[in-house]
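Okay, so here's the structure we're looking at.
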Amino acid sequence: MSGRGDEVPVLTAETKVPTPPPISDDASRFHWYVNSKIAATNLVHEYGAHKLEKAHFSIVNIMPGWVLGPEELARSKQEAFKGSNLILIWLFSESNLAPSLGFPEDEDTPLLAETVHLDDVVESHINALDTEKVPGKYRNFLLCSHSPTGPVFMDAVDIVRMELPQEVADGKIPFAGKLGTITCKFDATPTERDLLGHPFQPYEKQVKDTIQWYVHLKD
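Each residue of the sequence shown is one higher than the one before, counting from 7 in the numbering used here.
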């Protein structure tokens, strides 16, 4: 299943989303998570716009999409998909992401194609501390590879077959499930230009590094 974002305005680091109204106590954890991120971001935006001029510090907002890469704190396969790497679990299992995202279990759940390599996220945080590289009191940076539409999640199948043929031959990657892609429109090129100084690492490397790390974890 795929979607298109042709009628949606281009998402940039300066895009603002209104703070949503309160939600019920029985709303999904993902719903709470999304709403809290929006509310927190808007509070920081408001502070940066009105109260930062006389402050002795600056604010740099780092806003990544799905972060893919080896999670060094995970010591086993059971722990490996507790973060953003969850979006690649379909390569190994028919597990349905819908319940964890607050959707009905029988619903096909495509996701927005907004991904970034863990190494680019780390480098962005380090570079954001450099006041010569990031001048001014308030900056926002969007971290998503493959502007303007992002990758196609199911391309991971061909990537893994090409980059990790031995692991595939050994049956370590069963390609058990699938994941739909919702194509949006975004522009994260200012981050490549002003913060990183190089292009984002491509989806191919995001997938290869994550899966290569995963298959060598203990069960």
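Where a beta carbon is used, it is the ideal one built from N, C-alpha and C, also for glycine.
According to DSSP, is Leu223 helix, strand or coil? Leu223 falls in the coil class under three-state DSSP.
For the beta strand (DSSP E) containing Pro24, list its first residue and its last residue. Where Pro24 is concerned, there is no enclosing beta strand (DSSP E), because DSSP gives it neither an H nor an E.
Close Cβ partners of Ile68 (< 8 Å) along its chain, the five nearest in sequence each way excluded: Answer for Ile68: Val127, Ser130, His131, Ala134, Phe147 and Leu149, listed in chain order.
At least three beta-carbon pairs within less than 8 Å, the stretch 152-166 to the stretch 190-198: By the Cβ criterion, the stretch 152-166 is in contact with the stretch 190-198, since at least three pairs of Cβ atoms, one from each stretch, lie closer than 8 Å.
Candidates Gly75, Lys184 and Ser64: closest to Pro208 by CA position: In terms of CA proximity to Pro208, Gly75 leads the group Gly75, Lys184 and Ser64.
Are the stretch 157-170 and the stretch 36-47 touching, with three or more C-beta to C-beta distances below 8 Å? These segments do not touch.
Residues sharing a beta bridge with Arg145, DSSP: Val66.
Quick one: is Ile217 buried, meaning 16 or more other Cβ sit within 10 Å of its Cβ, or exposed? Within 10 angstroms of the beta-carbon of Ile217 lie 16 or more other beta-carbons, which makes it buried.
Distance, Glu59 Cα to Gly177 Cα: Gly177 and Glu59 have their C-alpha atoms some 58 Å from each other.
Under a three-way DSSP split, which group does Phe36 fall into? Phe36: helix per DSSP, three-state reduction.
Taking all protein chains shown into account, decide if Thr137 is buried (16 or more other Cβ within 10 angstroms of its Cβ) or exposed. Classification for Thr137: exposed.
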